[in-house]
Amino acid sequence: MSVDEKTVRRVARLARLAIPEERLAPMAGELNAILAWVEQLQELDTSSVEPMTSVRPMRLPRRQDVVTDGGYPADIVANAPRTEDNFFVVPKVVE
Amino acid sequence: MTDLLKLSLTEARDGLRAKAFSSKELTDASVKAIAEARDLNAYVLETPEIAAEMAAASDAKLAKGEGGALEGIPLGIKDLFCTKGVQTTAASKILKGFKPVYESTITAQLWKAGAVMTGKLNMDEFAMGSSNETSHFGPAVNPWRRGNDDAKLVPGGSSGGSAAAVAADLVFGATATDTGGSIRQPASVTGLVGIKPTYGRCSRWGVVAFASSLDQAGPITKTVADSAAMLREMSGFDPKDSTSVDMAVPDFEKACTRSVKGLRIGVPKEYRIDGVPAEIDALWEQGIAWLKDAGAEIVEVSLPHTKYALPAYYIVAPAEASSNLARYDGVRYGLRAPADDLTEMYEKTRAEGVGREVQRRILIGTYVLSAGYYDAYYIRAQKVRALIKRDFDLAFEAGVDAILTPATPSAAFGLAAMATASPIEMYLNDIFTVTVNMAGLPGIAVPAGLTAEGLPLGLQLIGRAFDEETVLRAGRAVEQAAGFTAKPAGVAR
């Protein structure tokens, strides 16, 4: 499997990462080199192998579905580039 | 008083308890040394005021015969650990100015044990790199030099600042993290000890995430006993990390004092790799002989899926990174690029905020997780991971207690090597360490010798899950036999 400029543009869009036009071709080359290298995994028959999900078998811990934290909105927005009345401010989304 | 800084962490601790010197003396010496060694670019932020306050509090406790296990000891903190009110950037422009309103579990535990914070340490951006050269703050520099050649070398990565600071005797230990080798590789190329504990041993809460199923924190220190002492304070169950394991934390330092007599040490034939310098193979042979002389039994083991670990890692790690790094969008923290609409703001912020290697990994990760490719890449890589883990399981089930391998495929290389190397050439630095992350096991790097050019090389010991004790014990045996006392020449102090 290899990627072309069109694919890089699509993936960059999915990743919300602006890639300038002139970087699309070099990036496709870099990604293809990595993808060609990982291709060696095809040598292995993994049909009867379960994918690894954790280092040791364990269940995710559970807890009561109750509020255990919160109530400090000023802290939550303390690092935001733009805020108003403890809300995050972003460019207009809805006209 | 600079000589105080030559002490090991455990020596400094014992000296403080015996009141041979104060935390203020240690901390002042450390703060001064850090300021004098700015050429190393080991620190991205120095916190001398915090250090002075913490040292004074420690001295008050020590005077009363109180205090925690690391009371009064100056440490450095990798800039991946969130520190309350103190800038935390993961060495990325996108987190510039970020001051967490909370403290990571690990650093909170270290402060509770009495440790003194000297500042935040340089690293590869988001821990993605093996040379510290992807840092937004520029590379950290290895205090070691090749013979009389003054050319600057890299301290390894991603915990390059941690390694440079400890190797230059600026602090007694540093926190680090290891996703594919980022504790063990820098420790190895700077003549230090670094242990990556079992996945789940240390809480990941408040540590900026790279690849969540692989990330694990640990210490970089001068000696095995130091690593044991520091790891004990970093370890333990944390309900805030769902992958943290609820198990008692053993007295790791005590484990180091036990002889390796009767231990079975495995030597995996798959770690003999073409193109690795003869010096590294010779050091490995030496390590085998040392452990044999110390009474261990050496057995050959086979880990047949070793060669697939690195390619599988370069699917799993970028996939998880692309997901974890989605949060850096210019809304809640860090950098925001000006834009007219929301999508453009996301795209420009992220493009401006992260460097080329991080961008590459976000794209690879997004690609392998995208519709139609998930099974072919990510699921297949997770299956290969199961095979790698099974290799280790079988070796341990057959009665092997620990496995001895080289730590890195080369000694420290020159600054700017990254510019001419391909990404894959850089990825190969982790060839001996990455299997351990894929299987979630504990691994330690111990300094074992010097190259003909006078650069340090390390050996690695790998253990069963949650058996850091045997790893430290065998590591201590290698340390004792090697008698590594060389010091770097590249610090003018």
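So the protein lines, in turn, are chains A and D. Numbers 2 to 96, taken from our numbering, label the letters of the first sequence in order. Numbers 5 to 497, taken from our numbering, label the letters of the second sequence in order. Cβ atoms here follow ideal geometry from the backbone N, Cα and C, with glycine treated the same way.
Span separating the alpha-carbon of residue i from that of residue j
{"i": "M121/D", "j": "N146/D", "result": "22 Å"}
{"i": "A172/D", "j": "V228/D", "result": "17 Å"}
{"i": "L391/D", "j": "S55/A", "result": "13 Å"}
{"i": "G444/D", "j": "M132/D", "result": "19 Å"}
{"i": "A286/D", "j": "E51/A", "result": "38 Å"}
{"i": "T144/D", "j": "I110/D", "result": "For the sequence presented, residue 144/D should be read as Ala rather than Thr. Going by the C-alpha atoms only, they are around 24 Å apart."}
{"i": "G487/D", "j": "P52/D", "result": "34 Å"}
{"i": "L157/D", "j": "H309/D", "result": "32 Å"}
{"i": "A341/D", "j": "Y106/D", "result": "26 Å"}
{"i": "D153/D", "j": "A425/D", "result": "22 Å"}
{"i": "A213/D", "j": "D297/D", "result": "42 Å"}
{"i": "K23/D", "j": "A41/D", "result": "28 Å"}
{"i": "T6/D", "j": "G19/D", "result": "For T6/D, the predicted model reports a pLDDT of 49, less than 50, meaning its position is unreliable and no value from the coordinates is stated."}
{"i": "K103/D", "j": "A95/D", "result": "13 Å"}
{"i": "E483/D", "j": "P201/D", "result": "18 Å"}
{"i": "T93/D", "j": "N45/D", "result": "15 Å"}
{"i": "K100/D", "j": "G357/D", "result": "9 Å"}
{"i": "K311/D", "j": "R188/D", "result": "19 Å"}
{"i": "E23/A", "j": "A452/D", "result": "47 Å"}
Contacts around residue i, its chain only, beta-carbon distance under 8 Å, and the 5 residues preceding and following it disregarded
{"i": "A300/D", "result": "V264, K265, G266, L267, R268, I269, A478 and A481"}
{"i": "Y382/D", "result": "I319, V320, A323, V372 and L373"}
{"i": "F89/A", "result": "V78, A81 and R83"}
{"i": "A117/D", "result": "G72, A73, L74, E75 and E237"}
{"i": "D230/D", "result": "S12, L13, T14, F176, G177, V197 and P223"}
{"i": "G418/D", "result": "A155, K156, L157 and V158"}
Pair within 9 Å by beta-carbon distance, residue i and residue j
{"i": "E31/A", "j": "P427/D", "result": "yes"}
{"i": "S207/D", "j": "S62/D", "result": "no"}
{"i": "T412/D", "j": "L307/D", "result": "no"}
{"i": "D379/D", "j": "R468/D", "result": "no"}
{"i": "F141/D", "j": "P78/D", "result": "no"}
{"i": "I407/D", "j": "I448/D", "result": "no"}
{"i": "L66/D", "j": "R21/D", "result": "yes"}
{"i": "F256/D", "j": "V249/D", "result": "no"}
{"i": "N441/D", "j": "Y203/D", "result": "yes"}
{"i": "G369/D", "j": "S327/D", "result": "yes"}
{"i": "A221/D", "j": "T261/D", "result": "no"}
{"i": "S1/D", "j": "G80/D", "result": "Any answer about residue 1/D is impossible in this case: the structure gives chain D only from 5 up to 497."}
{"i": "A232/D", "j": "A259/D", "result": "yes"}
{"i": "R17/A", "j": "D333/D", "result": "yes"}
{"i": "E472/D", "j": "L295/D", "result": "no"}
{"i": "T181/D", "j": "G359/D", "result": "no"}
{"i": "L4/D", "j": "A39/D", "result": "Chain D is shown from 5 up to 497; residue 4/D falls before or after that span and cannot be answered."}
{"i": "A252/D", "j": "Y317/D", "result": "no"}
{"i": "I199/D", "j": "V475/D", "result": "yes"}
{"i": "V388/D", "j": "L45/A", "result": "yes"}
Chain-ordered chain A contacts of residue i [CB-CB under 7 Å]
{"i": "M105/D", "result": "One detail in the question is off: residue 105/D reads as Val in this sequence, not Met. Within 7 Å Cβ-Cβ: D76 and A79."}
Close Cβ partners of residue i (< 7 Å) along its chain, the five nearest in sequence each way excluded
{"i": "M28/A", "result": "V9 and I20"}
{"i": "S239/D", "result": "P201, R205, C206 and V253"}
{"i": "I302/D", "result": "I269, V271, I292, L295 and K296"}
Listed by chain order, chain D residues near residue i by CB distance under 7 Å
{"i": "A16/A", "result": "S326, I366, L367 and T370"}
{"i": "P92/A", "result": "A343, D344, D345, L346 and M349"}
{"i": "R57/A", "result": "A469"}
Close beta carbons around residue i, own chain, < 6 Å, minus the five adjacent residues each side
{"i": "S162/D", "result": "M127, D128, A131, G133 and S186"}
{"i": "A313/D", "result": "I392, V438, T439 and M442"}
{"i": "V12/A", "result": "none"}
{"i": "S135/D", "result": "V158, G161 and M422"}
{"i": "P492/D", "result": "P147, W148 and A171"}
{"i": "K93/A", "result": "none"}
{"i": "V280/D", "result": "P413"}
{"i": "P410/D", "result": "I284, W288 and F436"}
{"i": "V335/D", "result": "none"}
Proximal residues of chain D, C-beta to C-beta of residue i below 9 Å
{"i": "Q41/A", "result": "K311, Y312 and P315"}
{"i": "E23/A", "result": "Within 9 Å Cβ-Cβ: nothing; E23/A doesn't reach chain D, min ~13 Å."}
Amino acids of chain A, ordered along the chain, whose beta-carbon sits closer than 8 Å to that of residue i
{"i": "P427/D", "result": "E31, A34 and I35"}
{"i": "Y318/D", "result": "I35, W38 and V39"}
{"i": "S306/D", "result": "Near S306/D there are no residues of chain A at all, since even the closest Cβ is about 16 Å away, more than 8 Å."}
{"i": "G334/D", "result": "P82"}
{"i": "I383/D", "result": "P52"}
{"i": "V4/D", "result": "Here chain D has residues from 5 to 497 only, and residue 4/D is not among them."}
Where residue i meets chain D, residues with beta-carbon distance less than 8 Å
{"i": "A26/A", "result": "Near A26/A there are no residues of chain D at all, since even the closest Cβ is about 14 Å away, more than 8 Å."}
{"i": "V139/A", "result": "This structure cannot settle anything about residue 139/A, because the visible part of chain A is limited to 2 through 96."}
{"i": "V4/A", "result": "Y371"}
Review point. Touching or not, the stretch 343-353 of chain D and the stretch 395-409 of chain D, by the rule of three or more beta carbon pairs under 8 Å?
Key: no
Exercise for review: Evaluate contact between the stretch 189-201 of chain D and the stretch 456-466 of chain D, counting only Cβ atoms and requiring at least three cross-stretch pairs below 8 Å.
Suggested key: yes
Point to revise | Inter-stretch contact at 8 Å, needing at least 3 Cβ pairs: the stretch 48-68 of chain D / the stretch 25-39 of chain D | key: yes
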